Amino acid sequence: MKKLFVILGFLCGISLHAQIVIDEVVGVVGAEPILLSEVEEQAQNDFMEGQVTARDFKTKCGLFERLLFEKMLLNQAEKDSLVVSDDQVETEMDRRMQYFIIQAGGEKQLEEFLGQTIPEIKKNFRDNIRKQLLVQQMQQKVIERVKVTPAEVKAYFNEIPKDSLPLVASEIEYAQITILPKPSDEARAAARRHAQKIREDIGKGSSFCLKARLESEDIASAQNCGELGFLRREDLVPEFSAAAFRLKNSTEISEVVETEFGFHIIQLIEKRGEMANFRHILIRAKVSDEALDLAAKQLDSISIVLEKDSLAFAKLAEKYSSDMETRFNGGKVVNQRAGSSKFKDDELDPYARIEIMPLQPGQVSRPHVYQMQTGQTAFRIVKLLTRSAPHVADLKNDFPVIEQAALANKQADAVAKWIEKKQGEVYIRIGDIYAGCPFDNNWKQEK
1 MKKLFVILGF
11 LCGISLHAQI
21 VIDEVVGVVG
31 AEPILLSEVE
41 EQAQNDFMEG
51 QVTARDFKTK
61 CGLFERLLFE
71 KMLLNQAEKD
81 SLVVSDDQVE
91 TEMDRRMQYF
101 IIQAGGEKQL
111 EEFLGQTIPE
121 IKKNFRDNIR
131 KQLLVQQMQQ
141 KVIERVKVTP
151 AEVKAYFNEI
161 PKDSLPLVAS
171 EIEYAQITIL
181 PKPSDEARAA
191 ARRHAQKIRE
201 DIGKGSSFCL
211 KARLESEDIA
221 SAQNCGELGF
231 LRREDLVPEF
241 SAAAFRLKNS
251 TEISEVVETE
261 FGFHIIQLIE
271 KRGEMANFRH
281 ILIRAKVSDE
291 ALDLAAKQLD
301 SISIVLEKDS
311 LAFAKLAEKY
321 SSDMETRFNG
331 GKVVNQRAGS
341 SKFKDDELDP
351 YARIEIMPLQ
361 PGQVSRPHVY
371 QMQTGQTAFR
381 IVKLLTRSAP
391 HVADLKNDFP
401 VIEQAALANK
411 QADAVAKWIE
421 KKQGEVYIRI
431 GDIYAGCPFD
441 NNWKQEK
């Protein structure tokens with residue numbers, strides 16, 4: 001609870017340390033002041049989040065420099081006339097408010113703590129949210145054209161002292177065959193009725209965001225008010241895409257749409273050229289015990305075939321697997337976090353970790369129940385394809401990891417150059433408290 005209040009105080013601009021900190025302006029960028037309370041609250045927040053282990057002067061110097069950079073980004077965003085739509089602000093505000101409400105134990109508890117109603121909190125919250133979104137947009141603009149070539153990655157790697165090269169943990173690659181139980185027609189009809197009732201409630205004034213959080217069975221998007229992010233038509237299954245891209249504005253809600261994943265209610269947030277951002281609520285049909293038994297028996301039959309010929313795995317995956325993301329790739333699973341087919345131990349889903357641990361490359365697991373990324377319960381067999389030993393990083397085996405490090409380094413250089421360039425165009429003042437900080441960048445202030 002304490003963690004929630006520190007975060008909320010920082011985000012809403014409400015000083016929760018007023019009894020301890022006598023506020024003062026400790027820096028200025030353009031027309032944007034940096035308050036001592038901002039630094040103190042962020043230090044407290046980061047400490048409680050575990051992002052820093054101390055709240056000493058050096059840590060606060062780093063936070064102060066981060067605020068200098070954010071204020072400079074905001075100043076430039078306003079100069080460049082960058083725009084954040086009301087829909088973007090409301091979506092982000094709803095997402096954060098619902099998180100705070102859940103953490104506080106309800107709307108009433110949150111209102112009692114802050115001494116404000118939810119509409120009053122949102123009113124105080126709105127401007128800060130808009131500024132934060134502008135900062136994010138401007139920062140992306142600064143680094144969006146930064147790329148690294150293979151030659152630059154190699155040069156970056158060669159500059160790292162040999163005794164400073166990181167140790168890379170063991171990684172595995174695996175494939176899977178998934179059988180998803182099919183719901184009955186009666187279960188599908190019940191799910192459609194449920195989705196239709198939710199749509200009617202939204203039409204009568206219920207919050208789409210709250211309904212998504214409470215009702216949607218799309219685990220990945222539910223806690224973000226059902227938001228999917230900017231997507232192209234081809235990124236979506238045809239039925240969803242057709243209904244979603246027919247929507248004209250954010251006040252319009254789609255009819256109930258059925259896809260292979262279930263029944264959807266869709267709301268448009270914003271369109272940008274060929275891309276659009278949507279919210280959706282997903283309702284799935286319940287699966288009977290009989291359907292579960294049938295799926296389990298089908299996978300048992302596949303398992304018997306694989307006991308005789310493990311090399312048939314890819315063909316059987318293509319023929320029988322319910323997982324469309326892996327079915328036509330021999331069942332090979334992609335690590336979405338890393339953007340490759342390699343997984344570290346802590347990146348595996350718990351079900352896969354248990355089944356893969358005793359396997360040697362080429363071996364196939366026993367059939368087991370697991371939960372798909374979509375939240376659906378399914379049956380699965382996994383095959384261990386490769387397992388690397390822990391080793392010191394090298395270009396041949398760890399190029400994607402080194403490439404990301406090289407890119408981050410080049411982006412940091414781009415930011416430093418941008419700061420150097422923009423300092424002559426904006427008023428900067430650093431107060432006495434932080435004037436002696438060991439900053440990463442060479443901040444020049446007006447005398």
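Take the sequence shown: its position 395, counting from 1, is numbered 395 in this note's numbering, and each next residue is one higher.
Just so it is clear, CB atoms sit at the ideal spot from N, CA and C, and this is done for glycine as well.
Note that the coordinates shown come from a computational prediction; the quantities given were computed from them, not determined experimentally.
The beta carbons of Ala212 and Ala220 sit no closer together than 7 Å. Contact annotation: Ile381 and Ser303 have beta-carbon atoms nearer than 7 Å. Annotation note: the segment 239 to 309 contains the following uninterrupted beta strand (DSSP E) runs of length 3 or greater, listed N- to C-terminal: 257 to 259, 262 to 272, 275 to 283.
Ranking Val392, Gly339, Met324, His391 by CA distance to the CA of Thr374 puts Met324 first.
Under the three-state reduction of DSSP, Lys122 is assigned to helix. Taking the Cα positions, Leu348 is about 26 Å away from Gly262. By the Cβ criterion, the segment 281 to 293 is in contact with the segment 164 to 183, since at least three pairs of Cβ atoms, one from each stretch, lie closer than 8 Å. For Pro350, the enclosing alpha helix (DSSP H) begins and ends at 350 to 356. If you compare the alpha carbons of Gln336, Gln298, Pro400 with that of His368, the shortest gap goes to Gln298. Residue Ile129 holds the alpha-carbon nearest to the alpha-carbon of Leu74 among Ser206, Ile129, Leu236. Restricting attention to His391, Asp235, Glu252, Gln376, the CA atom closest to the CA of Glu200 is found in Glu252. Of the other Cβ atoms in all chains shown, fewer than 16 fall within 10 Å of the Cβ of Asp346; this residue is therefore exposed.
The DSSP-derived three-state label of Ser340 is strand.
In the structure shown, Phe439 adopts coil according to DSSP, grouped into three states. The straight-line gap separating the alpha-carbon atoms of Lys342 and Ala175 is approximately 11 Å. By alpha-carbon distance to Lys141, the top candidate from Gln76, Ala393, Thr178 is Gln76.
Distance from the CA atom of Val89 to the CA atom of Leu210, rounded to whole angstroms, is 16 Å.
Ranking Lys60, Gln42, Lys383, Arg192 by CA distance to the CA of Lys332 puts Lys383 first.
Here DSSP, grouped into helix, strand and coil, assigns Asn45 to helix. Annotation for Phe439: Glu65 place their beta carbon closer than 6 Å to its own, counting only its chain and skipping 5 residues before and after. One thing to note: Phe245 has its Cβ within 7 Å of the Cβ of Arg233.
Counting only the Cα atoms, Ser254 lies some 17 Å from Glu215. When the beta-carbon positions are compared, Gln267 and Phe208 come within less than 7 Å of each other.
In chain order, Phe230 place their CB closer than 7 Å to the CB of Arg272, counting only its own chain and leaving out the 5 sequence neighbours on each side.
In this structure, Leu316 and Ile118 do not form a Cβ contact; the two beta carbons are roughly 53 Å apart against a cut-off of 8 Å.
Per DSSP, the beta bridge partners of Ile381 are Ile177. Assigned with DSSP and collapsed to three states, Gly229 falls in strand.
Of the residues Asp94, Ala155, Glu40, Asp87, the one whose Cα lies closest to the Cα of Asn409 is Ala155. Contact check between the segment 55 to 62 and the segment 90 to 106: fewer than three CB pairs, one atom from each, fall below 8 Å, which does not count as touching. It is roughly 14 Å from the alpha-carbon of Phe157 to the alpha-carbon of Val168.
When the alpha-carbon of Glu144 is set against those of Gln445, Asn441, Gln411, the nearest one is in Gln411. In the three-state reduction of the DSSP assignment, Glu234 falls in the helix class.
Rounded to whole angstroms, the gap between the alpha carbons of Glu78 and Leu311 is 60 Å. In the DSSP assignment, Tyr99 falls within the alpha helix (DSSP H) that extends over 86 to 104.
About 16 Å separates the beta carbon of Ile433 from that of Val29, a gap too long to meet the 8 Å contact definition. Every beta strand (DSSP E) stretch that sits fully inside the segment 357 to 411 and reaches 3 residues is listed by chain position as 368 to 371, 377 to 387.
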